[in-house]
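Count along the sequence shown from 1, add 1, and you get the number used in the working numbering. For every residue, glycine included, the Cβ atom is placed at its ideal position computed from N, Cα and C. Bear in mind the structure is a predicted one, so any value in this text is a computation, not a measurement.
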Amino acid sequence: MKRATALTVTVLALLLSAAASAETTLRVGVRLLPATQAAPFTSILLPSAIVNHAVYDTLTAIAPDGSVKPWLATAWRMKDQQTWEFDLRDGVVFSNGAPFTADAVVDTIEFLLSPEGAGESVGSQMRYNTVIGARALDADTVEITTTQPDAILPLHMMFLRVPEPGAWRELGAQRFSSAPVGTGPFVVTRWADGRVDLIANRASWRAPKVDRLAFITVADQAARLQALASDAVDIAIGLSPTDKPVLDDIGAKLVTHLKPEISFLATNSTGDTPLTDVRVRQALNHAVNRQQIIDVILGGATTPASQIAHDLSFGFNRTLEPYGYDPDLARNLLAAAGHADGFDFPVALVGNQNELDTVYQLIASDLAAVGVRMTIVRITGAQQLQFLYQGGWPTLGWAMTSSMYDPLGGFRIRSCIWPHAYHCDPEILPLIEAAQIAPTAAERRALTEQVMAREHAIPPGIILWQSPGFDGVSRHVRGFKASEDFIPFHEIELTP
Numbered sequence: 002m003k004r005a006t007a008l009t010v011t012v013l014a015l016l017l018s019a020a021a022s023a024e025t026t027l028r029v030g031v032r033l034l035p036a037t038q039a040a041p042f043t044s045i046l047l048p049s050a051i052v053n054h055a056v057y058d059t060l061t062a063i064a065p066d067g068s069v070k071p072w073l074a075t076a077w078r079m080k081d082q083q084t085w086e087f088d089l090r091d092g093v094v095f096s097n098g099a100p101f102t103a104d105a106v107v108d109t110i111e112f113l114l115s116p117e118g119a120g121e122s123v124g125s126q127m128r129y130n131t132v133i134g135a136r137a138l139d140a141d142t143v144e145i146t147t148t149q150p151d152a153i154l155p156l157h158m159m160f161l162r163v164p165e166p167g168a169w170r171e172l173g174a175q176r177f178s179s180a181p182v183g184t185g186p187f188v189v190t191r192w193a194d195g196r197v198d199l200i201a202n203r204a205s206w207r208a209p210k211v212d213r214l215a216f217i218t219v220a221d222q223a224a225r226l227q228a229l230a231s232d233a234v235d236i237a238i239g240l241s242p243t244d245k246p247v248l249d250d251i252g253a254k255l256v257t258h259l260k261p262e263i264s265f266l267a268t269n270s271t272g273d274t275p276l277t278d279v280r281v282r283q284a285l286n287h288a289v290n291r292q293q294i295i296d297v298i299l300g301g302a303t304t305p306a307s308q309i310a311h312d313l314s315f316g317f318n319r320t321l322e323p324y325g326y327d328p329d330l331a332r333n334l335l336a337a338a339g340h341a342d343g344f345d346f347p348v349a350l351v352g353n354q355n356e357l358d359t360v361y362q363l364i365a366s367d368l369a370a371v372g373v374r375m376t377i378v379r380i381t382g383a384q385q386l387q388f389l390y391q392g393g394w395p396t397l398g399w400a401m402t403s404s405m406y407d408p409l410g411g412f413r414i415r416s417c418i419w420p421h422a423y424h425c426d427p428e429i430l431p432l433i434e435a436a437q438i439a440p441t442a443a444e445r446r447a448l449t450e451q452v453m454a455r456e457h458a459i460p461p462g463i464i465l466w467q468s469p470g471f472d473g474v475s476r477h478v479r480g481f482k483a484s485e486d487f488i489p490f491h492e493i494e495l496t497p
C-alpha cells in the first residue's frame with residue numbers, strides 16, 4: 002500500500018512537472034523598462050509603453066489604414082458639438098474579476114482631470130483635447146463632454162487606458178503601477194530589477210496564446226542581438242538593418258515597421274540665435290541629404306518627410322513635398338541671412354544610441370559642407386524632459402519625434418502655446434485654433450492640412466523622416482507585429 006501511494010505521488014509529481022515544463026513563456030528583450038513601471042497614464046508610445054500593451058486596453062484603437070477601430074468601446078456617436086456617447090464592449094472583466102463598466106471609464110477621466118492626474122502625460126493630452134467631464138448613462142454607455150467641438154474625439158480616446166477603479170483607489174498610483182489591474186491579456190506577477198514577469202489572463206476578452214510573458218532589460222543593441230542568437234530571448238526590440246545577416250544565419254527574422262511618428266531635429270528659434278531667421282532653418286533643411294542617410298543607415302526602410310505628420314495621420318497634407326537636397330541653395334540662404342561663414346550649432350542627444358548617433362554624425366557632416374559647425378552634446382533622458390518642460394536648453398538643437406495620428410497634438414509643445422516654447426510662429430495659431438474647433442471631421446481635416454502647409458514653410462527645425470523600427474524575431478515566434486505603435490501580445494504564439 003505504501004509502495005502504491007509512493008508510486009502515485011511520484012507519477013503525480015512527474016505529471017505536474019511535465020505540465021509546468023509544457024508552459025510557454027514568451028521572452029522579450031528591451032533596451033529599458035519604464036521607471037514608472039506600469040503606470041497607466043505616463044507612457045504613451047513604444048518602447049516605454051510596451052508593458053502597458055500587455056496589461057491594459059484603451060477605449061479605441063487604430064486600424065492599419067489609420068482609421069479608428071473599436072476596442073473597449075465598440076461604437077460612438079456625436080450627440081451635439083460638445084458631447085459624444087460611447088458604447089462599451091459587453092462581458093469584459095478586469096484581471097481581478099471586477100466587471101468593466103461605464104463607471105470605470107468615468108473614474109479614469111475624473112482622475113485625469115484632477116490636479117494630480119493633470120500632471121500625467123495622458124491627463125495633459127486630455128486637457129489639450131478640451132475634455133471636461135464624463136458620466137455613465139448606463140453600465141455599457143458613457144458620455145464624454147468637451148469645452149469646444151472635437152470632431153475626432155474617438156481618435157483621441159486611443160490614449161485612454163482604463164485601470165480597475167477599486168484597486169486604483171485601494172493601492173494608490175505608485176503601488177498600483179507595480180501591481181496593475183487591467184483588462185489586457187496578461188497580469189504582472191513580479192517586477193524586479195531589469196525584468197518583469199507576467200502570467201496569462203485567461204479571462205481577458207483578448208485571451209493570449211502563451212502562458213507567460215517576460216520583459217528582460219538588455220541595454221545594448223549588440224547584446225540584444227546576441228541574446229536572440231543564444232535563445233535567451235524570443236524577440237529583441239530595437240535592432241538595426243545591419244543585424245539582418247546574423248538573423249538570417251540563425252533562422253530568425255528582422256521585422257521592419259514604420260512608427261506613427263516623424264523624426265526631426267528641433268531648433269531653438271525663440272532666442273537670440275541664428276535660428277530665429279526662417280531662412281537659416283530652411284537652409285538647414287536643404288543641406289541634409291536625407292535619402293542617402295536613409296539608404297545607408299536605415300536600410301531604405303522609410304522616405305524623407307514633407308511635414309511633421311505621417312501619411313496615415315488625420316490631416317496629412319498630400320500636396321507637400323520634402324525639402325530637396327540642395328547644398329548650393331542652403332549656402333545662398335545662409336548668406337542672405339548674414340551667415341555666409343556659418344555658425345556653431347550644438348545639438349543635444351540622449352545617451353548612447355548607436356543608430357541615432359550615426360544618423361546625427363552624417364547630419365553633422367552634411368551641415369559642415371555648408372559651413373554649419375554641428376557638435377553633439379550628451380544629455381540624459383531626465384534632462385531632456387526637464388529642458389522641454391522647464392526651458393533652459395543648453396544647445397541650439399535636439400533630436401525629437403512627434404505626430405501620432407492627430408498632427409495638431411504636437412503643437413501643444415511645438416508652438417507659442419507651450420509655456421517654454423522653443424518655436425513660436427504667431428501666424429499659425431489661428432489656423433490651429435480653427436482646426437481644433439471645426440464642427441465636422443471634413444472641415445477639421447482641411448484646416449489641419451493648411452496648418453501643415455504653414456509649418457512646412459516656417460519649419461521648427463530639420464524635418465527628417467517617418468521613424469522606422471527594427472525588431473528581431475525568433476523562428477519559433479508567430480503573430481508578432483508592431484504596427485500602429487501597438488504590439489498585440491495576445492496574438493503571439495510560440496511553436497516548437
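Only buried fits Arg332, as 16 or more other CB atoms lie within 10 angstroms of its CB. Put simply, the segment 216-229 does not touch the segment 447-465. Fewer than three CB pairs are less than 8 Å apart. Contact check between the segment 358-371 and the segment 287-297: three or more CB pairs, one atom from each, fall below 8 Å, which counts as touching. Separation of Ala140 and Gly382 (C-alpha to C-alpha, rounded to the nearest whole angstrom) is 42 Å. Contact between Val182 and Ala193 fails: their C-beta atoms lie close to 19 Å from each other, not under 8 Å. In terms of Cβ geometry, Ala215 and Arg203 do not form a close pair [threshold 8 Å]. DSSP links Pro469 through a beta bridge to Leu259.
Excluding five sequence positions before and after Ala62, the CB atoms of its chain that fall closer than 8 Å to its own CB belong to Val69, Lys70, Pro71, Trp72, Met159, Glu485, Phe487, given in chain order. In the pairwise beta carbon analysis, the segment 407-419 is classified as not touching the segment 283-292: fewer than three pairs are separated by under 8 Å. Rounded to the nearest whole angstrom, the C-alpha separation of Val279 and Ala228 is 47 Å. DSSP places Val247 within a helical segment (H, G or I) once states are collapsed to three.
Of the residues Thr26, Leu47, Ala370, Thr25, the one whose Cα lies closest to the Cα of Pro35 is Leu47.
Secondary structure of Met159 (DSSP, three-state): helix. Rounded to whole angstroms, the separation of the alpha carbons of Ala230 and Pro246 is 12 Å. Under the three-state reduction of DSSP, Gly124 is assigned to helix.
In this chain, the alpha helix (DSSP H) harbouring Trp169 covers 166-179.
Ser404 is bridged by DSSP to Glu262. Classified as buried, Arg291 has 16 or more neighbouring CB atoms from the shown chains inside 10 Å of its CB. Distances from the CA of Val143 to each of Gly134, Pro150, Gln149, Arg207 were compared; the closest alpha carbon is that of Gly134. Nearest C-alpha to Gln175 among Gly185, Trp206, Glu121: Glu121. In its chain, beyond the 5 residues on either side, Phe315, Gly316 have a beta carbon closer than 8 Å to the beta carbon of Arg446. Between Asp235 and Val52 a beta carbon distance of about 16 Å is seen, past the 8 Å cut, so the two are scored as non-contacting. Straight across, the Cα-Cα distance linking Gln293 with Trp466 is about 12 Å. Leu113 is positioned such that its CB atom lies closer than 8 Å to that of Phe42. Shown here, Asp108 sits in a helix according to DSSP, grouped into three states. With a cutoff of 8 Å on beta-carbon distance, Ala267 and Gly398 are scored as near each other. Ile294 sits in a helix when the DSSP states are folded into three classes.
Sequence-distant partners of Gln82 (beyond 5 residues in either direction) whose C-beta falls short of 7 Å from its own C-beta, in its chain, are Pro150, Pro440. Excluding five sequence positions before and after Ala365, the CB atoms of its chain that fall closer than 6 Å to its own CB belong to Met375, given in chain order.
Ile217: member of the beta strand (DSSP E) spanning 213-218, first to last residue.
According to DSSP, Phe346 shares a beta bridge with Met375. Gln38 is classed as buried because its beta carbon has at least 16 other beta carbons within 10 Å across all chains shown.
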